[in-house]
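Worksheet: one structure, shown below.
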Amino acid sequence: MTDAPHAQETTPDPTELARTAEQVAREAGDLVRDALRGSVTVAATKSSGVDLVTEVDEAAEALIRRRLAELRPTDGVLGEEEGRQEGSSGLVWVVDPIDGTTNFVYGLPSYSVSIAVARSQGPDPFGWPLLAGAVHAPATGETWTAALGQGAFAEGERLTIPEPVALGTALVGTGFAYTEQRRRGQARVLGEVLPRVRDIRRLGSAAVDLCLVAEGKLDVFYEQYLNPWDMAAGALVVTEAGGVVERLGRDGTEGVTVAGPRPLVEAVSAIVRPLVG
Ligand code: IPD
Ligand code: CA
Ligand code: CA
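Using the numbering used here, the letters of the sequence shown correspond one by one to residues 2 to 278.
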């Protein structure tokens, strides 16, 4: 089975897709939260010795895949832990079972289940048009959803990204990759951003960071080396709240994501772009 466009069915209502994303994210969130009552075993490390994956990440993704197979049997799935499974509908679910695994392992609250659905157009997941998404943070109970053309919501309340502040008074979210070489480059970029802004927050879940931008709890966010599953749902929350999400520099995971109100995205991009070309 392939994601061939000729096999595409009528696109379902984005609001319905957002409901499905939210329902499955909450179910996976329950599994993740309940797992904290036992001891969490680190199953492996990934890109480097500090990049953790637990048995709970794997179990949560398995639950999400099982539920999506029941609810949306002809759609594909791209998930962090198990990779790509083709579908026949032309839609693909982009899944991070735990975004912020380091926080999860340390008992810090900023981690989330991130589930988005997109049209699988072309080989580049960063270019897939997003239809709906949900980010659920089991430790705090917060849930953000978005549906294409239908807005972004936090607990049923519609989100509108606030008017931008000046860069010098902006609270800026960011994050870091797991390898030494990438972090050296990120530290150089941080060295140029930090002196020019109110302050920096590295909260530990890019999906949550993007939703906080949509809520105005962070003014703007940037990060290099995100994967599609880190940002798909959160990016739609930002754009449906009236913000913009730009990609700078190289293609694919080498690129830099910048999200927020347009003037702040432009101001941050002007600093970051020359450093990441
Ligand atoms: C990570 C988180 C973190 C970001 C990293 C991601 P993971 O995801 O989103 O905030 O800075 O780049 O890899 O590994 O916890 O799923
Ligand atoms: Ca992630
Ligand atoms: Ca993850």
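Ideal Cβ placement from N, Cα and C applies to all residues, glycine included.
- Within 10 angstroms of the beta-carbon of Asp58 lie 16 or more other beta-carbons, which makes it buried.
- Per the C-alpha coordinates, the member of Tyr226, Glu241, Arg67 and Ala242 positioned closest to Ser48 is Tyr226.
- Close CB contacts of Ala22 within its chain, under the 6 Å cut and outside five residues either way in sequence, are with Ile116, Ala133, Gly134 and Ala135 (chain order).
- Taking the CA atoms as reference points, Thr16 sits about 26 Å from Arg248.
- Between the alpha carbons of Asp231 and Ala207 lies a gap of roughly 6 Å.
- Boundaries of the beta strand (DSSP E) around Ile201: Asp200 to Arg202.
- With distances taken between CA atoms, Glu224 lies nearest to Gly250 out of Gly250, Glu216 and Ala63.
- Under DSSP, Glu143 shares a beta bridge with Ala138.
- The C-beta distance from Leu172 to Arg199 rounds to 5 Å, short enough to fall under 8 Å.
- With fewer than 16 other Cβ atoms inside 10 Å of its own Cβ, Val43 counts as exposed.
- With a cut-off of 8 Å on Cβ pairs, the stretch 105-123 is in contact with the stretch 56-76, counting three or more such pairs.
- Proximity of the beta carbon of Asp97 to ligand 2 is indicated: a heavy atom of the ligand is located closer than 6 Å.
- By DSSP's assignment, Trp94 forms a beta bridge with Val78 and Val118.
- Glu71 and Leu168 have their C-alpha atoms some 46 Å from each other.
- Secondary structure of Asp31 (DSSP, three-state): helix.
- Assigned with DSSP and collapsed to three states, Arg185 falls in helix.
- The DSSP-derived three-state label of Asp231 is helix.
- Within the same chain, and ignoring the five residues on either side of Asn104 in sequence, the residues whose Cβ sits closer than 6 Å to its Cβ are Ser111, Tyr112 and Gly205.
- For Arg183, the closest C-alpha among the options Glu255, Val95 and His137 is that of Glu255.
- Out of Ser270, Gly217 and Ala260, the CA that lies nearest to the CA of Leu237 is found in Ala260.
- Beta-bridge analysis with DSSP links Phe154 to Thr146 and Arg159.
- It is roughly 20 Å from the alpha-carbon of Ala188 to the alpha-carbon of Gly101.
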